[in-house]
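Peer 1: One structure, pasted below without further comment.
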């Protein structure tokens, strides 16, 4: 049990919470942050689609009125064919990023002519990532990566049966800690010949979530849940986010309504009780390295729980939830997208 007399306070300004930890755990966490390979990473909880043929969100994004972890500037499904070139031209009007958030762009994959034009257009702007819809093979993904460059991150959306069957092959060409999978409910539902439903109501869609989650975790990739069709039902969005986050381990969710951003960010942010538990597990193992089984909060915690707690706490550190441990020479503007 942690002695309060020797405990050190670890503050999280983002969560507006303080945690008591031992000097031993403080040293362990500080050593991780001070390691040469340590680097900060942005949080990827909520991404908002922004149609590039419509200016309605641009000013609010530029001035920080709409706050998301990332924005997906869309050239694909939300853009009518007649407006495709207008959307490409509007890349030049995208506002500077309000902080170190993620700017992604979704390109067209099902038309070679549109794809070629999109590739040339996206090279004119410093996007952080490229969102590839309807990912179906590693060769297809590598074609885009080779054409645009390896200096971008790539988010591959799985939304067809073919893509789902090839998901492990696709994952093999994506980079751990950089790239990601997304899920597209609409196209997959249409291809299956079933009504589009909430993931909370469909066993089929939950099986797809599980397959994407497993492929992503195996390769060290982030994973984004699909947008909700119920754009005016915030509680439905919350329920879907809770399912993908708590049951399947997804790291974020995409939305098309800015009103959904706060609830999605809340669901995918670590809870105070969760952080306390992970820290307590680390305390138990670091305090008694000769034993691989401990009782924490009246529950048995074995080596798998220790490894899980270690991975989670280190991710909290990389995402800036404990800025006092981050080396002062590191730039931390991305830690402001709370």
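In my numbering, the protein residues as written are 299 to 636. All residues carry an ideal CB built from backbone N, CA and C; glycine is no exception.
Just verifying my parser: in three-state terms, what is the DSSP assignment at residue 402?
Peer 2: Correct three-state label for residue 402: strand.
Peer 1: Between the alpha carbons of residue 373 and residue 367, how many angstroms are there, rounded?
Peer 2: C-alpha separation (whole angstroms): 20 Å.
Peer 1: Check this for me: beta carbons of residue 539 and residue 566, under 8 Å apart or not?
Peer 2: For residue 539 and residue 566, yes; Cβs fall inside 8 Å.
Peer 1: Considering only residues of the same chain and omitting the five flanking positions on each side of residue 559, which have a CB-CB separation below 8 Å?
Peer 2: The answer, listed in chain order, is 344, 346, 364, 365, 366, 553.
Peer 1: Any idea what DSSP makes of residue 540, helix, strand or coil?
Peer 2: The answer is helix: DSSP assigns residue 540 an H, G or I state.
Peer 1: I need the DSSP call for residue 417, collapsed to helix, strand or coil.
Peer 2: Helix, per DSSP.
Peer 1: For residue 415 versus residue 446, is the C-beta distance shorter than 8 Å?
Peer 2: No. Outside cutoff.
Peer 1: Do residue 462 and residue 509 count as a contact pair if the criterion is CB distance below 8 Å?
Peer 2: It is a contact, given that the beta carbons lie within the stated cut-off.
Peer 1: Please report how far the alpha carbon of residue 638 lies from the alpha carbon of residue 611, in whole angstroms.
Peer 2: With the chain represented from 299 up to 636, any question about residue 638 goes unanswered, as that position is not in the structure.
Peer 1: Let me know the beta strand (DSSP E) ranges lying completely inside the region 414-485, each 3 residues or longer, listed in chain order.
Peer 2: Complete beta strand (DSSP E) runs here, min 3: 427-430, 451-456, 478-481.
Peer 1: Could you check where the alpha helix (DSSP H) with residue 519 kicks off and where it finishes?
Peer 2: Note, residue 519: premise wrong, no alpha helix (DSSP H); not H, not E.
Peer 1: With a CB to CB cut of under 6 Å and the five nearest residues on each side skipped, what residues in its chain are close to residue 599?
Peer 2: So the qualifying residues of the chain are 579, 592.
Peer 1: Is it true that the CB of residue 583 sits closer than 8 Å to the CB of residue 604?
Peer 2: Going by C-beta atoms, residue 604 is nearer than 8 Å to residue 583.
Peer 1: Return the residue from the list 396, 383, 426 that minimises the CA-CA distance to residue 406.
Peer 2: Checking every option, the nearest Cα to that of residue 406 belongs to 383.
Peer 1: What first and last residue would you give for the alpha helix (DSSP H) that runs through residue 321?
Peer 2: Residue 321 -> alpha helix (DSSP H) spans 321-332.
Peer 1: Given a cut-off of 8 Å, decide if residue 426 and residue 400 are closer than it, judged by their beta-carbon atoms.
Peer 2: Yes, these two residues count as a Cβ contact at 8 Å.
Peer 1: Could you name the residues of the same chain whose beta carbon sits closer than 6 Å to that of residue 482, not counting the 5 residues immediately before and after it, in chain order?
Peer 2: 455, 457, 524.
Peer 1: Taking the C-alpha atoms as reference points, what is the distance between residue 622 and residue 499?
Peer 2: Roughly 43 Å separates the two Cα atoms.
Peer 1: Which same chain residues end up closer than 7 Å to residue 443 when comparing Cβ atoms and leaving out the 5 residues on each side of it in sequence?
Peer 2: The residues are 452.
Peer 1: Excluding five sequence neighbours on each side, which residues of the same chain lie with their C-beta closer than 7 Å to the C-beta of residue 617?
Peer 2: Hits under 7 Å: 339, 341.
Peer 1: At which residue ranges does the region 595-627 contain complete beta strand (DSSP E) runs of 3 or more residues, listed in the order of the chain?
Peer 2: Fully enclosed beta strand (DSSP E) runs of 3 or longer: 597-599.
Peer 1: Could you give the distance in angstroms between the alpha-carbon of residue 423 and the alpha-carbon of residue 586?
Peer 2: Each residue's alpha carbon lies about 52 Å from the other.
Peer 1: Quick check on the burial criterion: 16 or more other C-beta atoms within 10 angstroms. Buried or exposed for residue 404?
Peer 2: Classification of residue 404: buried, given that the 10 Å Cβ count is 16 or more.
Peer 1: For the alpha helix (DSSP H) holding residue 564, just list the boundary residues, first then last.
Peer 2: Its alpha helix (DSSP H) spans residues 559-566.
Peer 1: Can you tell which of 436, 546, 477, 601 has its C-alpha closest to the C-alpha of residue 402?
Peer 2: Nearest of 436, 546, 477, 601 to residue 402, Cα basis: 477.
Peer 1: Using a 10 Å radius around the Cβ and a threshold of 16 neighbouring Cβ atoms, would you call residue 334 buried or exposed?
Peer 2: Exposed, because fewer than 16 other Cβ atoms sit within 10 Å of the Cβ of residue 334.
Peer 1: Figure out for me which residue from 555, 337, 590, 438 has the closest Cα to the Cα of residue 464.
Peer 2: The option with the nearest alpha carbon to residue 464 is 438.
Peer 1: Where does the unbroken alpha helix (DSSP H) through residue 579 begin, and where does it stop?
Peer 2: Start and end: 570-585.
Peer 1: Rounded to a whole number of angstroms, what is the C-alpha to C-alpha distance between residue 635 and residue 397?
Peer 2: Legend: pLDDT at residue 635 = 46, less than 50; position of this residue unreliable, value from coordinates given subsequently. If you take the alpha carbons of residue 635 and residue 397, they lie about 7 Å apart.
Peer 1: Using only the heavy atoms of the ligand FAD, determine whether one of them is closer than 7 Å to the beta carbon of residue 428.
Peer 2: Judged by which ligands are present, the structure shown has none, so any question about the ligand FAD falls away.
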